[in-house]
Amino acid sequence: MSESREFCPRCGDPVAERSEPRPGEPRTRDRTLCDDCYFEDFDLVDAPDRIEVLVCSGCGAVRRGESWRDVGARDYTDVAVDETAEALGVHVDAAEVNWGVEPEQVDENAIRMHCEFSGVVRGTLREESVTVPVRISRGTCDRCGRIAGGYYAAIVQIRADDRDLTPAERDQALAIAESHVADQEAKGDREAFITEVTETEDGPNVKISSNGLGQSVATRIVEQLGGSFESYPTLVTEDGDGNEVYRVTFAVRLPRYAAGEIIDPNDGDGPVLVESVSNRIRGTRLASGEEYVSDFAEGETPDADRVGRRDDAAETTVVTVEDEHAVQVLDPETYEAVTVPNPDFLDDEAPPDTVPAVKHDGEVYLVPDDEESGADVEPEPESLDR
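Under full-length UniProt numbering, the first residue of the sequence shown is numbered 1, with each subsequent residue one higher.
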């Protein structure tokens with residue numbers, strides 16, 4: 001009886017019976033070849049002749065496809081390994097595939113990737129070695145190109161209402177802006193950057209890459225330092241689709257009174273050393289040493305007289321503590337002994353020889369030391385991501 005079996009279409013030798021392809025697998029002619037003919041033209045690995053890796057000379061980002069990606073690499077050996085892994089293809093019939101790579105640094109911009117592969121094909125262990133040269137070339141990513149070209153879409157103007165911005169407020173506002181932009185960049189937003197910070201007599205202007213980022217920076221400054229901001233859009237151009245493109249200025253106005261100022265709320269209880277202005281005004285009442293919290297709602301500007309600043313207070317001599325309600329000091333202007341209210345922050349049992357004092361409407365008021373009050377102590381910027 002004759003045996004019914006398949007024959008190799010190339011050499012004519014009989015071919016052992018094989019299972020039918022699974023659903024979805026291609027019915028290629030190679031499946032009918034005998035093992036000898038099949039392996040004559042078999043390549044376990046499909047490797048390119050050369051791999052080009054484009055790296056931004058400014059920030060070190062790597063171009064992959066149509067986009068740039070931050071890789072955070074100290075050198076580009078790992079990048080070369082990743083690019084090689086993506087470029088190499090292993091034969092679809094191979095199973096139990098293993099591979100390893102040994103990079104050889106030729107020079108600063110050239111790496112040879114020596115790759116070893118193994119896999120089981122038709123029940124036979126196949127091994128193959130390939131060497132792929134990787135060339136590192138330098139370019140400029142879109143982000144660095146925009147920064148170098150001075151591109152910006154928003155300006156955040158940092159000012160104070162009816163007064164000069166303090167150095168502490170300036171530094172903290174810029175720290176908030178820089179921290180928030182850095183956070184967005186760390187989250188993968190490559191379009192988040194500060195183009196430039198310019199100084200004016202009234203305060204800094206921060207040029208930022210996008211309107212949305214500019215608004216979020218202005219919002220965070222106001223949330224932490226108080227005040228308010230308004231936006232002023234300006235039409236600058238149209239994009240390729242005819243859509244109008246606006247540049248927006250966010251005018252931040254910090255509160256009218258700053259920490260460290262001494263003000264008189266005109267409520268009959270005397271001046272206050274301001275310690276916080278993020279929402280309401282908080283501070284210390286100089287006559288009594290009690291805590292002061294303004295009655296003004298958030299966002300309102302109180303009508304108060306400026307007395308001076310904590311740093312402007314003059315040292316005056318303590319003559320004697322009369323009782324828990326009164327203390328005798330020398331008037332800082334006339335040097336006459338005067339009796340003034342004894343505030344809570346003065347140590348009655350061990351009174352100092354001198355204390356800071358200010359004079360307002362003919363009256364002398366003692367001022368707490370920096371350690372005794374929170375004046376001029378700015379809070380650290382905190383994350384407001386929500």
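The beta-carbon is built from N, C-alpha and C at its ideal position, and this holds for glycine as well.
Output the distance between the C-alpha atoms of residue i and residue j, rounded to the nearest integer angstrom.
i	j	result
residue 245	residue 233	10 Å
residue 230	residue 342	44 Å
residue 167	residue 207	20 Å
residue 109	residue 97	30 Å
residue 91	residue 52	23 Å
residue 380	residue 241	Reliability fails at residue 380, whose pLDDT of 40 lies under 50, so the model's placement of it is uncertain and the value that follows must be treated cautiously. Straight-line Cα distance between these residues: approximately 44 Å.
residue 1	residue 120	Unreliable positioning characterises residue 1 in this predicted model, as indicated by a pLDDT of 39, which lies under 50. The coordinate reading is nonetheless provided below. Spanning the two alpha carbons is a distance of roughly 36 Å.
residue 66	residue 104	28 Å
residue 417	residue 9	No answer is possible for residue 417: the residues shown for the chain start at 1 and end at 386.
residue 106	residue 112	7 Å
residue 162	residue 303	12 Å
residue 292	residue 140	56 Å
residue 223	residue 353	41 Å
residue 127	residue 50	21 Å
residue 124	residue 77	33 Å
residue 134	residue 11	40 Å
residue 383	residue 215	Unreliable positioning characterises residue 383 in this predicted model, as indicated by a pLDDT of 39, which lies under 50. The coordinate reading is nonetheless provided below. Roughly 16 Å separates the two Cα atoms.
residue 101	residue 59	27 Å
residue 370	residue 312	13 Å
Label residue i either buried or exposed according to how many other C-beta atoms from any shown protein chain fall within 10 Å of its C-beta, with 16 as the threshold for buried.
i	result
residue 284	buried
residue 243	exposed
residue 368	buried
residue 114	exposed
residue 335	exposed
residue 277	buried
residue 57	exposed
Since residue i and residue j are thought to touch, with beta carbons under 8 Å apart, how far apart are those beta carbons, to the nearest angstrom?
i	j	result
residue 254	residue 169	6 Å
residue 94	residue 44	6 Å
residue 365	residue 235	Incorrect: roughly 53 Å between the Cβ atoms, too far for contact.
residue 252	residue 227	6 Å
Mind checking which residues open and close the alpha helix (DSSP H) that includes residue i?
i	result
residue 211	211-225
residue 38	35-40
residue 168	167-186
residue 148	142-148
According to DSSP, what are the bridge partners of residue i?
i	result
residue 62	55 and 69
residue 89	46
residue 129	116
residue 261	309
Could you check where the beta strand (DSSP E) with residue i kicks off and where it finishes?
i	result
residue 10	Note, residue 10: premise wrong, no beta strand (DSSP E); not H, not E.
residue 100	95-107
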